[in-house]
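Numbering (this note's numbering), first residue to last: 3 to 64.
Comments concern the structure below.
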């Protein structure tokens with residue numbers, strides 16, 4: 003397959019993945035209980051960004 007074909011296939015696959023993700027989020031929003039659970043979990047993950055750690059790795063070998 004040519005490089006152009008490979009690029010087209012990759013672009014199509016990427017588009018399909020994003021569309022599937024958007025559809026899944028739309029279905030999630032339709033269910034209030036599941037949406038609330040998702041938001042609560044997202045808040046827990048967001049809290050990890052305030053853990054005081056600046057970045058990885060914490061100590062870099064020179």
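Glycine included, C-beta positions come from ideal geometry on N, C-alpha and C.
Quantities reported herein were computed from a predicted structural model and do not represent experimental measurements.
Residue 40 and residue 15 have their C-alpha atoms some 26 Å from each other. The beta carbon of residue 30 is closer than 7 Å to those of 36, 37, 40 in its chain, skipping five residues each way along the sequence.
Within its own chain, no residue has a Cβ closer than 8 Å to the Cβ of residue 24 once the five positions on either side in sequence are excluded.
Per the coordinates, the alpha-carbon of residue 6 lies some 18 Å from the alpha-carbon of residue 18.
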